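Residue numbers for the sequence shown follow the working numbering, so the first one is 159 and each next one is one higher.
The beta carbon of each residue, even a glycine, is placed where N, CA and C say it ideally should be.
Everything numeric in this text was worked out from a predicted model, so none of it was measured.
What follows is a set of notes on a single structure, which appears directly below.
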Amino acid sequence: MIATKNRNISLIGVPIQLGADRPGVEMGPSAIRSSNLQAKLESLGYRVSDVGDVHVNRNIEACGPGEKLKYIAEIARVNTDLTARVSQEMAKGQLPLVLGGDHSLAIGTIKGVLQHVKKLGVIWFDAHADVNTEETTMSGNIHGMSLAVLLGYGHHSLVSIAGEQTKVDPSKVVIIGARSVDPGERTFLREQGIRVFTMHDIDRYGMKAVMDEALERVTTGTDGVHLSLDLDGMDPSAAPGVGTPVNGGLSYRESHFAMELLHESANLVSAEVVEVNPALDVNNKTAQTAVELIGSLFGESIM
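So, in structure tokens, the structure goes:
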């Protein structure tokens with residue numbers, strides 16, 4: 159199996175639950191680490207540096223007067239810090255692997271990566287599209303807006319992190335596993351021309367065909383690929399410990415096969431694993447599954 163090019167990995171924890179406004183997911187980084195993540199990566203031949211966690215202030219009110227988006231100021235601050243942390247690690251030649259925490263942290267991860275990889279492809283494994291804006295959100299939860307922000311749409315305090323021109327090209331973004339998409343998001347996705355592989359597509363064509371098309375899209379004309387892996391993309395039977403489970407998701411083997419194919423492409427430059435919620439988990443199953451998927455992403459194989 160072809161090896162991922164960069165053998166130096168930096169682990170960065172972001173114990174944030176503010177974007178989901180649901181307790182428990184802030185324990186995700188600790189649960190993933192305690193499931194022997196570093197040992198697994200080192201057994202695969204990687205040099206791993208754990209640089210600790212980005213600080214998150216949890217003792218704050220959800221919204222100020224007239225605000226619709228929950229915890230907007232602290233989420234912007236955390237993502238600004240994460241942007242700098244990711245950029246610093248990449249400047250050292252490291253591949254950042256960010257552990258969450260809710261999916262709002264993708265803003266900081268990808269904004270940091272874009273400081274070094276200007277033409278970036280993005281694979282977004284998720285049951286949700288995460289392209290709501292202040293105008294379309296029904297909950298005010300920013301973890302459902304992170305991809306829209308990265309495309310340049312959303313609250314100024316988030317879009318402006320690292321400069322408003324620091325954004326991803328929608329033609330180089332692929333969503334895989336979607337099955338819960340809000341009406342406003344459907345319109346946005348069509349307008350942006352983002353390729354979305356729903357569970358219907360995976361059922362009809364199979365994961366091999368889906369990943370072949372996805373990889374062609376995100377690697378053509380780019381300098382690397384970022385993986386945003388939300389564990390709720392999997393079926394709740396395989397990953398019960400997530401805050402927003404949706405039935406009918408990716409199977410355990412489909413998910414591993416996708417990670418194996420992404421590894422074989424040798425285009426990975428960064429990744430984040432998000433939405434592991436130990437408070438909702440069963441015997442740490444979801445955190446263990448996250449580590450097993452990371453293993454496949456970085457080259458673990460049956461033979």
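Starting from residue i, trace the alpha helix (DSSP H) in both directions and tell me its first and last residue.
{"i": "I268", "result": "A264 to V271"}
{"i": "H414", "result": "Y410 to S423"}
{"i": "H314", "result": "H314 to V317"}
{"i": "V368", "result": "M365 to T377"}
{"i": "R243", "result": "I230 to A249"}
{"i": "I452", "result": "K443 to L455"}
{"i": "V307", "result": "S304 to L308"}
{"i": "R205", "result": "R205 -> not in any alpha helix (DSSP H); beta strand (DSSP E) instead, spanning R205 to D211."}
On the CB-based measure, 16 or more other CB atoms within 10 Å of its CB, does residue i come out buried or exposed?
{"i": "E430", "result": "buried"}
{"i": "I174", "result": "buried"}
{"i": "I452", "result": "buried"}
{"i": "G351", "result": "exposed"}
{"i": "V271", "result": "buried"}
{"i": "G401", "result": "buried"}
{"i": "V332", "result": "buried"}
{"i": "S454", "result": "buried"}
{"i": "F456", "result": "buried"}
{"i": "Y363", "result": "exposed"}
Starting from residue i and walking both ways along the beta strand (DSSP E), at which residues does that stretch end?
{"i": "S428", "result": "L426 to V432"}
{"i": "A336", "result": "V331 to A336"}
{"i": "R353", "result": "R353 to T356"}
{"i": "G258", "result": "L253 to G258"}
{"i": "G182", "result": "No beta strand (DSSP E) holds G182; DSSP gives it neither H nor E."}
Roughly how far, in whole angstroms, is the beta-carbon of residue i from the beta-carbon of residue j, given that I think they are within contact range, below 8 Å?
{"i": "K325", "j": "G302", "result": "Not really, about 18 Å apart at Cβ, beyond 8 Å."}
{"i": "K198", "j": "I300", "result": "The pair is not a contact, with the Cβ atoms about 31 Å apart (cut-off 8 Å)."}
{"i": "P398", "j": "A189", "result": "So it is not a contact: roughly 13 Å between Cβ atoms."}
{"i": "V280", "j": "K330", "result": "7 Å"}
{"i": "L420", "j": "G182", "result": "Between G182 and L420 the Cβ distance is about 28 Å, and since that is not below 8 Å, they are no contact."}
Is there a Cβ from chain B that is less than 8 Å from the Cβ of residue i?
{"i": "R191", "result": "The chain inventory of the structure shown lacks chain B, comprising one protein chain alone."}
Whole angstroms is fine: what's the gap from residue i's alpha carbon to residue j's?
{"i": "G224", "j": "T294", "result": "16 Å"}
{"i": "L240", "j": "A445", "result": "22 Å"}
{"i": "A231", "j": "L257", "result": "21 Å"}
{"i": "R348", "j": "S201", "result": "43 Å"}
{"i": "V368", "j": "I218", "result": "42 Å"}
{"i": "I460", "j": "L426", "result": "21 Å"}
Self-check item: the stretch 167 to 177 in contact with the stretch 195 to 214 per 3-pair CB rule at 8 Å
Solution: The stretch 167 to 177 is in contact with the stretch 195 to 214.
Quiz item: Okay, do the stretch 260 to 267 and the stretch 231 to 238 touch, 3+ Cβ pairs below 8 Å being the bar?
Solution: Contact between the stretch 260 to 267 and the stretch 231 to 238 is present, because at least three Cβ pairs lie under 8 Å.
Quiz prompt | At least 3 beta-carbon pairs within less than 8 Å: the stretch 391 to 409 vs the stretch 370 to 378 | solution = No: fewer than three Cβ pairs fall under 8 Å.
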